[in-house]
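Colleague:
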Amino acid sequence: MGGGLPLMEKIEGVLIDLDGTIWRGNELIPQADEAVAYLRSLGKRLVFVSNRGNWSRRMCHEQLRRFGIAVAEEEIILSSTVTAQFLRAHYPLCQVWTLGDEGLHEELQHYQVPLAPVPEEADFLVITLHETMTYRDLDLAFRAVHHGARMIATNIDKMFPNEHGNAIDVAGMVGAIEAATARKVEVVLGKPSCFMAEAALRQLKVPPDLCLVIGDSVQSDIRMGRMYGMKTALVLTGNTKRSQLDMLREKERPDYVIDSIYDIIGLGKGVMW
Numbered sequence: 009m010g011g012g013l014p015l016m017e018k019i020e021g022v023l024i025d026l027d028g029t030i031w032r033g034n035e036l037i038p039q040a041d042e043a044v045a046y047l048r049s050l051g052k053r054l055v056f057v058s059n060r061g062n063w064s065r066r067m068c069h070e071q072l073r074r075f076g077i078a079v080a081e082e083e084i085i086l087s088s089t090v091t092a093q094f095l096r097a098h099y100p101l102c103q104v105w106t107l108g109d110e111g112l113h114e115e116l117q118h119y120q121v122p123l124a125p126v127p128e129e130a131d132f133l134v135i136t137l138h139e140t141m142t143y144r145d146l147d148l149a150f151r152a153v154h155h156g157a158r159m160i161a162t163n164i165d166k167m168f169p170n171e172h173g174n175a176i177d178v179a180g181m182v183g184a185i186e187a188a189t190a191r192k193v194e195v196v197l198g199k200p201s202c203f204m205a206e207a208a209l210r211q212l213k214v215p216p217d218l219c220l221v222i223g224d225s226v227q228s229d230i231r232m233g234r235m236y237g238m239k240t241a242l243v244l245t246g247n248t249k250r251s252q253l254d255m256l257r258e259k260e261r262p263d264y265v266i267d268s269i270y271d272i273i274g275l276g277k278g279v280m281w
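In the working numbering, each number is its position in the sequence shown, counted from 1, plus 8.
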């Protein structure tokens, strides 16, 4: 069984996923707000780390506040945020075309990343989740790459949990452009990349061995935590089901498995590997 409260006594910073951990679509996961409040009551430093590349931090901040979760905007690290920071730092004069929803545009503009006026002039195509995508959107992205734009993806998750179950994620958009152009994405900025982990650690100002990652994805949340020597807690309210646990390889296994983030309060239902 899990170690219960002694674990939290050793933790100073907590990285918390959003989709499948705090909410599913427009529905708050039961008592997730209470779990966050509990962690704050212990004096833990928190950062919300999400592969939501089609949202801006402003949009995410508003959603958290609607669910009654107190958070500062700087405590939110999205793959759209890290993508914008990456482009601004390494390619400050590049022009960007996007395949994604408006939140990605908002983050790019916040960091003053130039947007190409037409796809043919783009240096990079940035691909993220596009929940309102049309054929025209897809074709414009194709034209950018066809005319030489290099491809970046905010993440390459295959699916994400919402109120209806699992929904197609960025991998579907990436697959369409890669298949049509015979070109490949060069950089992926979201979890489990070093870009996301290091952005979160800079915000927390806590060493990795004193951090805990809580998330629903073995491939993104647990893998990122394990690569950095953080403790990991897998929740079963999103992408991963209990029936899949026995199939996990050693390097994929979380330190704890809990039914939901609310169980972090005691970890009494957790399983320590």
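Even for Gly, the Cβ is constructed at its ideal location relative to N, Cα and C.
Everything numeric in this text was worked out from a predicted model, so none of it was measured.
Helix, strand or coil for D27? Go by DSSP, reduced to three states.
Modeller: Within the sequence shown, residue 27 is the residue found at index 19, counting from 1. Strand.
Colleague: Should the segment 231 to 247 be called in touch with the segment 195 to 203, which here means at least 3 C-beta pairs below 8 Å?
Modeller: These segments touch.
Colleague: Based on DSSP bridge pairs, tell me the residues matched to R105.
Modeller: Taking the first residue of the sequence shown as 1, we reach residue 105 at position 97. Correcting the residue type first, residue 105 is Trp in the shown sequence and not Arg. Note: W105 sits in a beta bridge opposite L133.
Colleague: Helix, strand or coil, according to DSSP, for Y236 in the structure here?
Modeller: Locating residue 236 in the sequence shown gives position 228, counting from the first residue. Coil, per DSSP.
Colleague: Just the Cα atoms here: how many angstroms apart are R261 and E129?
Modeller: If you number the sequence shown from 1, residue 261 lands on position 253. If you number the sequence shown from 1, residue 129 lands on position 121. The straight-line gap from Cα to Cα measures roughly 45 Å.
Colleague: Relative to the C-alpha of I19, which residue among Q120, M167, G180 and K52 is closest?
Modeller: Position 11 of the sequence shown holds residue 19. It is K52.
Colleague: Output the distance between the C-alpha atoms of V340 and V193, rounded to the nearest integer angstrom.
Modeller: Outside the displayed range of the chain (9 to 281) lies residue 340, so it cannot be described from this structure.
Colleague: Here's a check: name, in chain order, each residue in its chain whose Cβ is nearer than 6 Å to the Cβ of L13, leaving out the five neighbours to either side.
Modeller: To locate residue 13, count along the sequence shown from 1; it is residue 5. In this prediction, L13 scores a pLDDT of 43, lower than 50, which makes its location untrustworthy; the coordinate-derived value is nonetheless stated afterwards. Hits under 6 Å: none found.
Colleague: Closer than 7 Å by C-beta to F75: which residues in its own chain qualify, once you throw out the five before and the five after it? Chain order, please.
Modeller: The sequence position of residue 75 within the sequence shown is 67, counting from 1. The residues are W31, L36 and D41.
Colleague: Whole beta strand (DSSP E) runs in the segment 14 to 95 with 3 or more residues, listed along the chain?
Modeller: List check, beta strand (DSSP E) in window: 21 to 24, 53 to 58 and 84 to 86.
Colleague: In chain order, what residues of the same chain have a beta carbon less than 8 Å from the beta carbon of Y46, not counting five sequence neighbours either side?
Modeller: Reading the sequence shown from its first residue, position 38 is the one you call residue 46. Result list for Y46: I272 and I273, in chain order.
Colleague: Determine the closest residue to R257 out of V226, N247 and G180, with distance taken between C-alpha atoms.
Modeller: The sequence position of residue 257 within the sequence shown is 249, counting from 1. With distances taken between Cα atoms, R257 lies closest to V226.
Colleague: Y191: which of L220, G156 and E206 sits nearest, CA to CA?
Modeller: Mapped onto the sequence shown, residue 191 falls at position 183. The question names Tyr, but residue 191 is Arg in the sequence shown. Ranking the options by Cα distance to R191, first place goes to G156.
Colleague: Taking H138 as the reference, which of N163, A152, I85 and R151 has the closest Cα?
Modeller: As a position in the sequence shown, residue 138 is number 130, starting the count at 1. Considering only alpha carbons, the answer is N163.
Colleague: Indicate whether at least one CB of chain C lies closer than 8 Å to the CB of T136.
Modeller: This model lacks chain C altogether, as it is built from one protein chain only.
Colleague: I'd like the span of the alpha helix (DSSP H) that includes R144, first residue to last.
Modeller: In the sequence shown, residue 144 corresponds to position 136, counting from 1. From DSSP, the alpha helix (DSSP H) with R144 extends over Y143 to H154.
Colleague: Determine the extent of the beta strand (DSSP E) in which V221 is found, giving its start and end residues.
Modeller: Indexing the sequence shown from 1 puts residue 221 at position 213. C219 to G223 is the span of the beta strand (DSSP E), which, as asked, contains V221.
Colleague: With a threshold of 16 other CB atoms inside 10 Å of the CB of D263, please say whether the residue is buried or exposed.
Modeller: On the sequence shown, position 255 is the one that residue 263 refers to. Counting Cβ neighbours within 10 Å, D263 comes out buried, since at least 16 surround it.
Colleague: Name the DSSP beta bridge partners of G173, please?
Modeller: For the purposes of this step, residue 173 is identified with residue 165 of the sequence shown, where counting begins at 1. Looking at the DSSP assignment, G173 forms a beta bridge with N170.
Colleague: Hey, out of E83, A187 and M255, whose CA is closest to H69's CA?
Modeller: As a position in the sequence shown, residue 69 is number 61, starting the count at 1. Answer by Cα proximity: E83.
Colleague: Between D27 and R60, which are expected to be in contact by the criterion C-beta below 8 Å, what is the C-beta distance as a whole number of angstroms?
Modeller: Numbered from its first residue, the sequence shown carries residue 27 at position 19. Numbered from its first residue, the sequence shown carries residue 60 at position 52. Right, their Cβ atoms sit about 7 Å apart.
Colleague: For V214, does the three-state DSSP call read helix, strand or coil?
Modeller: Walking along the sequence shown from the start, residue 214 turns up at place 206. V214 falls in the coil class under three-state DSSP.
Colleague: Give me the residue from I24, L72 and L218 with the minimum Cα distance to S58.
Modeller: Along the sequence shown, read from residue 1 onward, the residue named residue 58 stands at position 50. The residue with the shortest Cα to Cα distance from S58 is I24.
Colleague: When the Cα atoms are used, what is the spatial distance from I266 to M238?
Modeller: Within the sequence shown, residue 266 is the residue found at index 258, counting from 1. Within the sequence shown, residue 238 is the residue found at index 230, counting from 1. Rounded to the nearest angstrom, the two C-alpha atoms are 17 Å apart.
Colleague: Are the Cβ atoms of A152 and P122 separated by less than 8 Å?
Modeller: Your numbering for residue 152 matches position 144 in the sequence shown. Your numbering for residue 122 matches position 114 in the sequence shown. Contact flag unset, no.
Colleague: Tell me, to the nearest whole angstrom, how far the beta carbon of L242 is from that of D254; I am working on the premise that it is less than 8 Å.
Modeller: The count along the sequence shown starts at 1 and reaches residue 242 at position 234. The count along the sequence shown starts at 1 and reaches residue 254 at position 246. Not confirmed; about 13 Å, so no contact.
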